[in-house]
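Engineer: All residue numbers for the sequence shown refer to the numbering used here, where the first residue is 10 and numbers rise by one. Where a beta carbon is used, it is the ideal one built from N, C-alpha and C, also for glycine. As the structure is a prediction and not an experimental result, all values here were calculated from the model.
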Amino acid sequence: MAQQNFHAEKTVQKELTYIQKVWQTVAVVALLVVVILIARVAFNVLLMVLAGILVSVYFHGLGDIIQRKTNWRRRICMIISVGGTFIILAALFYLMGATISKQIGVLSDTLPHTINTAKQKLSETPIGQKILDYLSDDNSDTLMTTAKSFFNTSFGVLGDIYIILFLAIFFTSNPNLYKDGMIKLVPESRKPLAHQVIDRISHALKGWLKGMMLSMVLVFILLSIGLGTMSIPVALVLALLTGLLKIIPNFGSLAAMIPGVLLALTISTNTAIIVALIYIVTQTVVSNIVTPIIQNKMINLPPALTILAQVLMGTLSGVLGIILAVPLLAIVIILVDELYVKKISDIDIVIVPERGQP
10 MAQQNFHAEK TVQKELTYIQ KVWQTVAVVA LLVVVILIAR VAFNVLLMVL AGILVSVYFH
70 GLGDIIQRKT NWRRRICMII SVGGTFIILA ALFYLMGATI SKQIGVLSDT LPHTINTAKQ
130 KLSETPIGQK ILDYLSDDNS DTLMTTAKSF FNTSFGVLGD IYIILFLAIF FTSNPNLYKD
190 GMIKLVPESR KPLAHQVIDR ISHALKGWLK GMMLSMVLVF ILLSIGLGTM SIPVALVLAL
250 LTGLLKIIPN FGSLAAMIPG VLLALTISTN TAIIVALIYI VTQTVVSNIV TPIIQNKMIN
310 LPPALTILAQ VLMGTLSGVL GIILAVPLLA IVIILVDELY VKKISDIDIV IVPERGQP
């Protein structure tokens, strides 16, 4: 009788242990789902933090240049870096604002005629007619809905810019506070590695920013000259738009070329071809000059991996994700290299001889 009770208790304990394991598994899965949902919601906020870090890196890079040239105190150089940037931007908007606003008005007036002309040109060819059929009716509504969702941001465009600038100012004013805070989360034995990883990421981001800013300025100057010589309307706006979209590798240059070619099409087909060639030559020259600079200051990113990262980030976070895809990919590659690849290479490989061999 006692033995039967013992077996019954043992069976009950097994059942309880099995039920506990089931509930533990359910709890782990539920926790994982909650973490994924929170990460999905907070992902855009994390991207804004990364954008703030990039702006802060720019301020520090400019402050370093000022300090090397003048040997002034660090705080004074940083004040000049931040204040001077805002003053220069305000002056540029003031000096170029009238011209740009006038050209934007001209562009808005000529845009309907440009679109109608482009439709007429496209309807003359079978491929163009298929494109027009695809863009009509339901497909047009679908594209507009996709575009609206793509350009949606967490707090609106102005709200995101406001948050990013304030984060950048806080990161710039006291970077060691945040850097030391991250390092404190690392065990004592790993603190030198943490310093090394942060320094390498900072160096890579500075190289990316330097290359991007140089390429944007070169594209703006070359396109302003090229489109101006072709007497293209609103050449300054088109050049400025192309320079700004240069921050989006691969896709930005293609998107910026469309309005320029459409406007040239209102003049003549030959003009549109020449304008397209101007865009292509400008992008090729800038890429051949600037890309080596970026690769020397930053890790070498595979082009296919860059495009995949842009598509993935664009799907997750829209235009902000595409803009930050390249620096985020660089950070991920550095982390993988420092925390995984170098660990693998440091392991001694021991070859065990087969049985019967000396």
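According to DSSP, is Ile241 helix, strand or coil?
Structural biologist: coil
Engineer: Distance, Cα to Cα, Phe284 vs Ala248?
Structural biologist: Looking at the sequence itself, residue 284 is Val, so the reference to Phe does not match. The alpha-carbon of Val284 is positioned some 12 angstroms away from that of Ala248.
Engineer: Please tell me whether Leu214 and Val335 are closer than 7 angstroms, where the distance is taken between their beta carbons.
Structural biologist: For Leu214 and Val335, no; Cβs fall outside 7 angstroms.
Engineer: State the CB to CB distance for the pair Lys188 and Ile207, rounded to an integer number of angstroms; the pair is presumed to be in contact (CB under 8 angstroms).
Structural biologist: Distance from Lys188 to Ile207 at the Cβ level is roughly 6 angstroms; contact confirmed, criterion being Cβ atoms closer than 8 angstroms.
Engineer: Any idea if Gly237 is buried or exposed, counting beta-carbon neighbours within 10 angstroms, 16 or more meaning buried?
Structural biologist: exposed
Engineer: How about Ile173 and Ala60: do their beta carbons lie closer than 7 angstroms?
Structural biologist: yes
Engineer: Taking only the alpha-carbon atoms, compute the straight-line gap between Pro362 and Ile289 and give it to the nearest angstrom.
Structural biologist: With a pLDDT of 49 at Pro362, under the threshold of 50, the predicted position of this residue should be treated as unreliable, though the coordinate-derived value follows. Using only the alpha carbons, I get a separation of about 59 angstroms.
Engineer: For the structure I just gave you, are there three or more beta carbon pairs, one from the region 219-226 and one from the region 273-287, closer than 8 angstroms?
Structural biologist: no
Engineer: Could you give the distance in angstroms between the alpha-carbon of Phe175 and the alpha-carbon of Leu98?
Structural biologist: 17 angstroms
Engineer: Taking the straight line between their C-alpha atoms, what separation do you get for Ile5 and Leu271?
Structural biologist: A question about residue 5 goes unanswered here, because the residues of the chain that appear run from 10 up to 367.
Engineer: Taking the alpha helix (DSSP H) that Ser3 falls in, what are its first and last residues?
Structural biologist: Because the chain spans 10 through 367 in this model, residue 3 falls outside it and cannot be assessed.
Engineer: Between Leu379 and Leu348, which are expected to be in contact by the criterion C-beta below 8 angstroms, what is the C-beta distance as a whole number of angstroms?
Structural biologist: This structure cannot speak to residue 379, because the chain is shown only from 10 to 367.
Engineer: Would DSSP call Pro311 helix, strand or coil?
Structural biologist: In the displayed model, Pro311 falls within coil according to three-state DSSP, outside both helix and strand.
Engineer: Name the two residues that bound the continuous alpha helix (DSSP H) containing Leu348.
Structural biologist: Looking at the DSSP string, Leu348 is not in any alpha helix (DSSP H), and its letter there is neither H nor E.
Engineer: Where Val294 and Leu231 are concerned, what is the direct C-alpha to C-alpha distance, given to the nearest angstrom?
Structural biologist: 10 angstroms
Engineer: Taking the alpha carbon of Thr182 as the reference point, which residue from Ile89, Leu325, Leu55 has its own alpha carbon closest?
Structural biologist: Checking the sequence, you will find Ser at residue 182 rather than Thr. With distances taken between CA atoms, Ser182 lies nearest to Ile89 out of Ile89, Leu325, Leu55.
Engineer: Is Pro268 helix, strand or coil when you go by DSSP?
Structural biologist: helix
Engineer: Can you give me the C-alpha to C-alpha distance between Val345 and Leu186, rounded to a whole angstrom?
Structural biologist: Val345 and Leu186: Cα-Cα distance of roughly 25 angstroms.
Engineer: Determine the contact status of Leu56 and Leu333, defining contact as a CB-CB distance below 7 angstroms.
Structural biologist: Going by C-beta atoms, Leu56 is nearer than 7 angstroms to Leu333.
Engineer: Output the boundary residues of the alpha helix (DSSP H) element that contains Lys193.
Structural biologist: Per DSSP, the continuous alpha helix (DSSP H) segment holding Lys193 begins and ends at 184-193.
Engineer: Do the CB positions of Ile331 and Met322 come within less than 7 angstroms of each other?
Structural biologist: At a Cβ-Cβ threshold of 7 angstroms, Ile331 and Met322 count as neighbours.
Engineer: Between the Cα of Gln292 and the Cα atoms of Ser277, Ser262, Leu274, which residue gives the shortest distance?
Structural biologist: Ser262
Engineer: Helix, strand or coil: how does DSSP classify Leu419 here?
Structural biologist: No information on residue 419 is available, as it lies outside the stretch 10 to 367 that the chain covers here.
Engineer: Could you check which residue in Gly269, Gly220, Val228 has the C-alpha nearest to that of Pro242?
Structural biologist: Gly269
Engineer: For Arg84 and Leu274, I'd like the C-alpha separation in whole angstroms.
Structural biologist: 53 angstroms
Engineer: Hey, would you say Val244 sits closer than 7 angstroms to Leu254, going by beta carbons?
Structural biologist: The sequence given here has Ala at residue 244, not Val. Their beta carbons are not under 7 angstroms apart, which means Ala244 does not touch Leu254 by this criterion.
Engineer: Taking the CB atoms as reference points, tell me whether Phe68 and Val91 lie closer together than 7 angstroms.
Structural biologist: yes
Engineer: Give the secondary structure of Ile62 by DSSP, where H, G and I count as helix, E and B as strand, and everything else as coil.
Structural biologist: helix
Engineer: What is the DSSP secondary structure of Ile257, reduced to helix, strand or coil?
Structural biologist: coil
Engineer: Rounded to the nearest angstrom, how far is the Cβ of Leu167 from that of Leu63, given a contact under 8 angstroms?
Structural biologist: Actually they are not in contact, since the Cβ atoms of Leu167 and Leu63 sit about 19 angstroms apart, beyond 8 angstroms.
Engineer: What is the DSSP secondary structure of Arg82, reduced to helix, strand or coil?
Structural biologist: coil
Engineer: Candidates Val58, Gly93, Gly327: which alpha carbon is nearest Ala177's?
Structural biologist: Val58
Engineer: Would you mind giving the Cβ-Cβ distance between Ile96 and Cys86, rounded to the nearest angstrom? I have them listed as a contact below 8 angstroms.
Structural biologist: Ile96 to Cys86, Cβ: 15 angstroms. No contact.
Engineer: Using the beta-carbon count (16 or more within 10 Å), is Pro258 buried or exposed?
Structural biologist: buried
Engineer: Between the alpha carbons of Ile192 and Lys351, how many angstroms are there, rounded?
Structural biologist: 20 angstroms
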